[in-house]
Each structure stands twice: as structure tokens, then as C-alpha cells.
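Which chain is which? The protein sequence lines are A and B, in order. For reference, each letter of the first sequence is one residue, going 1 to 255 in our numbering. For reference, each letter of the second sequence is one residue, going 256 to 552 in our numbering. Built from N, CA and C at the ideal position, the CB exists for glycine as well.
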Amino acid sequence: MTTFAPAPGAAPVARQLLAQAGMEARLMLRNGEQLLLAVVIPVIVLVGAVRGIERVGLDLDGRPIDVLTPGVLALAVMSTAFTSLAIATGFERRYGVLKRLGTAPLSRATLLGGKVLALLLVEVFQFVVIGGVGFALGWSGPSGLGGVLALVVAALFGTAAFASLGMLLAGSLRAEATLAAANLVYLLLLAGGAVILPASLYGGLGDVVRWLPSGALGEAVRSACDGAVAVRDLVVLLVWTVLGSALTARTFKWE
Amino acid sequence: MRYGDKLAVDALSLTVERGTITAVLGPNGAGKTTTLETCEGYRRAQAGTVRVLGLDPVRQRAALLPRIGVMLQSGGAWSGARAEEMLRHFARLHAHPQDVGLLMERLALHECGRTPYRRLSGGQQQRLGLALALIGRPELVFVDEPTAGMDPQIRRAVWELLEELRAAGATVVLTTHYLEEAERLADRVHILDRGRLVASGTPLELTRGGTVATIRIVVTQPFPEGAPAELVRALGDGTELTVLDPLSLQLSGPADSSTLATVASWCARHDVLPESLSLGQRNLEDVFLELTGRETL
């Protein structure tokens, strides 16, 4: 009898945050399509682009692997923080997961914090895999501790910008429309958003694409691997974050 | 509460006492779920006041949520999450969660603990929903049609669980379509129809309903010619006769202490040997149908 005696109470926020992040990261890494998006496609893009550029003889500012690996790391951030997050959240709305979580003593801030932490966990995994493949292909890696720190900062800013845009998409469209739109935007930015290839290769369009979150993230990660902090690009990402969060806060529908 | 120009719940006033099981009954569209969701803080009452455990469910939701458990009618899980994983996750969100293994065993979930949510049967999803409502050891539980689609044994197990919760001091508010569920479990029953409260009381108060009784007689040989009609005359005005088949009939109408004696002397006069004879008050189903109209079931 006593086992059912009421003993209500919320867990400490830190425990809730870790639980939510762990759960979401597990679900993301367990899902085949998400895993494809998170590591398989970036690795294929990396290997394919290195081989392709050697053949085409594109004029790069450095060895292809040193230019492309940071670009593919930026792509990985974009795929997780934008596409995976948007699709997962879209279906969470559709299946009532957000509604059910709304009955648990979990604040919206903790839920969002858990989501961001889950994205970062998945990105660490992506960076290990993609970085490993890069090193195997001769990548020289970020320059020194300063480069690693700058890379972390760039990834954080990029995650914030793309996550706010992903949530904007997921909170306003139906799940299927979110799925389609998130994949379409990903493909368009992959092809022409200056993520993988530097904006300088886009000629006159280079100045335009650096205003895109994809271009800004790509440039920020490339600069970071050279040991520099690209303040201008980080500011662009910050502006996208503010814009995306403000619109999401206004439009997001939980059900 | 309105949805567009449809009035879902109107001028509803009811109070739930702590440590009791309260059933909210009503046909589809009566406003049961809207009422529950207003108490849970999902919807803001457009007029009037709602207090749950003394708190405003919308403005004081953060203080309310740790204290209540909510079972939704359906859905609410990641399609790829396993049943046990889902339950463990919700346990981690609470300060003093219920033992996961115990709840799984009590709700017959142990054999599907590793099954992803999308592959659980409807009944298993329901039971997981109930487990998720109870995992935080709430003092107040809202359950929306807890046993819909469950087989009879499991339904009984759920009933026992809810009764144990009440015995342990928790308060349960449930909606249901099953009248026997309300009759068996509830301390108080509220019947809603088209958004209005049409009756409230203990199951006994609602079914006592004064003096109407139903008598069923089943005999071994067909009734003699004219005998049923004579019984109706003997029982007096207002008695309604239904001949179910040549061997059984049902009477309903006013009853008092002499009713049974009248039936017995009629049996002796016509040399009728009843194989079974039952006299019963109306049940909750009769009350429900009277109040909400027969066409709705």
C-alpha cells in the first residue's frame, strides 16, 4: 500500500537537463536516417570532394583536405542543428511528445536546454568521426589550442543560429512539410551556401553568401582551423540566432 | 470553453475531494477531455475560475506540474523510444519516482519493455500512458479513459491499481465511457452532457433514483395464456411489460415492499416455477441513458 503513497516533486534542473539531453541524443543516433545525415553524408562529401577537387584542379587557398575538412565540419553542425532538429521536433509535435513532456515537471527552458545539449553531444560524435576521416586523409587539424577553442566557439554560434531556425520551421509547419523543407534547405545550402567551399570561390556572390548562416558558419570554422576568430561571421550567426529565436518565440505551436 | 462557435463546456461547477476517485461521465463530445485539459493547464478557462490543489493551472503551472500526473488519451511518445526507456526517462524528471520495475509489472508492461513505442499495441500504449502518469508519485492523477481498448483482466488490474492509489491517499479524476468502471471505482460521479453538468452524486445516490425497479422472470415452461398481463394488473399502474421470449419477461415500474410478494403469489396461482427471478434497482447505465438520451450510445 505504502508504495503508492504520493511523494510528488520535480528532480533538480541539472538532472532533468542531462536526462533530456541523453534521451534526445540517443534517439537521434539510433535513428538510421538521422545517422545518415549526421555522419554518413558528411564523410561521403568529404572523401568525394577531396578526390573531385584534385581531379578538377580547383584553385584553393591551401591543400584540398585542409580547406574541405573544416567545411564538412560546418556541414555537420548544419545537418544536426537545423535539419535533424527540425525533423525531430516536427514529429514530436505531431505525435504529442511535446504535449506529454508538458505534463512532466520539465520547464520549457530545460526542455530547450536539453535539446541544445543533445545537439552538442551529437556534434562531438560527428567531429570525432569526420575529424578522424580527415586526419586519415592527411588533414593537418586546427592550429594549436587557440584553433580548437575558436572551432568550439564557431560550432556553438553555428548551432545556436541553425537550431533557432530549425525550431522556427518545426514550430510553424506540419511534420511532413517540415521534413521536406528541412531537407530542401539543407541541400540548397550544401550546394550553394558556402559551407563546404570558401565564399571566395563564389566570385561576386561571395559577399552575398557570407550573409547566409551557412556561409558565415563555413567561414567561421575555416578561420578557426587556421587559428583565427572570424568576428564578422560570428556576428552574422548571432544576428540569425536573435532573428530565429524571436520569430520562433512568436510562432511556435506546441501542439 | 468554446472552440470556434461551438460551446464545449459551459458553466460547469464541480469540486473534487482529496483522497477520492471521481468519475466524469458523458457521451462523446460532452466536454470531458476539455474539462480535464483545463484542469491540467493546457487550456485557459475563458470564464470562471479553476483551482487545482489551490493553484491556478495556467499561471501557476510550474508549481502544479510536479504534484499532478496526467494520462493523455493517446500518443505522446517518441516513436523510436522503448517502453521502459520512456518510463525511466520520466522517472528521472521527478524527485521521488515510483519504482519503474514495479509499475511495469503491475501494468503488465514487463514483456514489452524493449519494444519501441510505435510497435506497442494500443492497449500497451494505454498502459504505458498510465504508467507515465503515475511514475512521479503524484498526489492528484488525471486519467482520460484509462481502460479504453484494454482486455478485461488488464482492466481489472488497472482498477485495483487506482483503488490502491486512493487507499494510499492520492486523488484520482478519471473520464470514462464504461459505466461499470464508474460504478465500481468512483466515490463520486459527475455526468456531463453537451458541456453541462446534468447529474452529480455517489453511484448509489444516482442509481437509487427513488422507486423504479426492474424485475426479470425466467421460467421453465411457457407462461400460461394471459398470465403476464394479469401480473401487470396485479403490480398496478405504471408497470411496463416486455416479453423477451416465451420463457422470460421483464417488468419495470414502481416497486415497494409488497412487490416481491405479489410476484410470488402470481407464480403460485398460475403454477409457474421461476428458474430465475431477479429484482434490481436501476444501474448507472439506466441513469446515464435517461440523462443523456438513448440515441447517443
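Identity of the residue in the options nearest residue i by Cα
i         : options                                       : result
ILE41(A)  : MET167(A), LEU60(A), LEU73(A) and GLY141(A)   : LEU73(A)
THR402(B) : ARG410(B), GLU360(B) and VAL396(B)            : ARG410(B)
LEU308(B) : ARG298(B), ARG322(B) and TYR297(B)            : ARG322(B)
ASP526(B) : GLU460(B), ARG488(B), PRO483(B) and VAL444(B) : PRO483(B)
LEU362(B) : GLU418(B), VAL518(B), LEU383(B) and ALA510(B) : LEU383(B)
PRO509(B) : ARG273(B), ALA489(B) and PRO479(B)            : ALA489(B)
LEU156(A) : GLY102(A), LEU247(A) and ALA220(A)            : ALA220(A)
ALA249(A) : LEU112(A), VAL43(A), ARG100(A) and ASP61(A)   : LEU112(A)
GLN315(B) : GLY330(B), MET326(B) and ARG299(B)            : ARG299(B)
LEU46(A)  : VAL97(A), THR110(A), LEU173(A) and LEU75(A)   : LEU75(A)
ALA317(B) : GLY134(A), ARG232(A), MET23(A) and VAL13(A)   : VAL13(A)
ARG100(A) : GLY296(B), VAL413(B) and GLU366(B)            : GLY296(B)
GLU480(B) : ALA519(B), ARG524(B) and SER455(B)            : ARG524(B)
HIS351(B) : SER513(B), VAL325(B), GLU394(B) and LEU310(B) : GLU394(B)
ALA118(A) : GLY131(A), THR89(A) and TRP139(A)             : THR89(A)
GLY102(A) : LEU280(B), GLY450(B) and GLY331(B)            : GLY331(B)
ALA216(A) : VAL153(A), VAL116(A) and ASP233(A)            : ASP233(A)
ALA160(A) : GLY244(A), VAL229(A) and GLY131(A)            : GLY244(A)
GLY491(B) : THR517(B), GLY456(B), GLY335(B) and VAL444(B) : THR517(B)
PRO501(B) : GLN328(B), PHE478(B), VAL313(B) and GLU495(B) : PHE478(B)
ALA175(A) : THR3(A), TRP254(A), ASP61(A) and LEU18(A)     : TRP254(A)
GLU495(B) : SER513(B), ALA519(B), ASP511(B) and ALA468(B) : ALA468(B)
Backbone CA spacing between residue i and residue j [nearest angstrom]
i         : j         : result
LEU179(A) : ALA191(A) : 18 angstroms
HIS344(B) : LEU27(A)  : 12 angstroms
CYS294(B) : MET405(B) : 26 angstroms
GLN126(A) : ALA150(A) : 17 angstroms
LEU552(B) : LEU169(A) : For LEU552(B), the predicted structure reports a pLDDT of 40, less than 50, and the residue's modelled location is therefore unreliable. A value from the coordinates is still provided. When rounded, the distance between both Cα atoms is 42 angstroms.
MET1(A)   : GLU419(B) : Low confidence applies here, because MET1(A) scores a pLDDT of 43, under 50, leaving its location unreliable; read the following figure in that light. Cα to Cα, the separation comes out at about 6 angstroms.
LEU416(B) : ALA104(A) : 21 angstroms
SER214(A) : GLU24(A)  : 24 angstroms
LEU188(A) : GLY377(B) : 41 angstroms
VAL235(A) : LEU212(A) : 12 angstroms
GLU339(B) : GLY114(A) : 20 angstroms
LEU387(B) : ARG222(A) : 46 angstroms
ARG63(A)  : VAL209(A) : 23 angstroms
LEU239(A) : SER200(A) : Checking the displayed sequence, the identity of residue 239(A) turns out to be Val instead of Leu. The straight-line gap from Cα to Cα measures roughly 22 angstroms.
Simplified DSSP state of residue i, which is helix, strand or coil
i         : result
GLN505(B) : strand
SER334(B) : coil
LEU119(A) : helix
THR103(A) : coil
MET167(A) : helix
ASP226(A) : coil
ARG174(A) : coil
GLU400(B) : coil
THR275(B) : coil
THR89(A)  : helix
SER531(B) : strand
ASP541(B) : helix
ASP500(B) : strand
ASP59(A)  : coil
MET1(A)   : In this predicted model, MET1(A) has a pLDDT of only 43, less than 50, meaning its place in the structure is not dependable; the value taken from the coordinates is given anyway. The answer is coil: DSSP assigns MET1(A) none of H, G, I, E or B.
GLY456(B) : strand
Exposure of residue i, with buried meaning 16 or more beta-carbon neighbours within 10 Å
i         : result
PHE56(A)  : Reading off the sequence shown, one finds Val at residue 56(A), where the question assumed Phe. By the 10 Å Cβ count, VAL56(A) comes out exposed.
LEU342(B) : buried
LEU205(A) : exposed
SER79(A)  : buried
ARG392(B) : buried
LEU364(B) : buried
GLY158(A) : buried
ASP399(B) : buried
ALA302(B) : exposed
Sub-9 angstroms separation of residue i and residue j beta-carbons
i         : j         : result
VAL474(B) : LEU528(B) : yes
ILE470(B) : LEU534(B) : yes
ALA49(A)  : LEU68(A)  : yes
LEU29(A)  : VAL128(A) : no
ALA7(A)   : GLN16(A)  : no
VAL396(B) : THR431(B) : no
VAL453(B) : THR547(B) : yes
ALA182(A) : THR83(A)  : yes
THR497(B) : LEU486(B) : no
PRO458(B) : GLU438(B) : yes
GLY227(A) : GLY147(A) : yes
ALA278(B) : ALA422(B) : no
ASP541(B) : PRO282(B) : no
ALA81(A)  : PHE162(A) : yes
ARG93(A)  : GLY171(A) : yes
GLY595(B) : GLY424(B) : Not covered by the structure: residue 595(B). The range shown for chain B is 256 to 552.
Any non-hydrogen atom of the ligand ADP within 8 angstroms of residue i CB
i         : result
ILE130(A) : Summarising the ligand content, the structure contains no ligands, and the ligand ADP is consequently not present.
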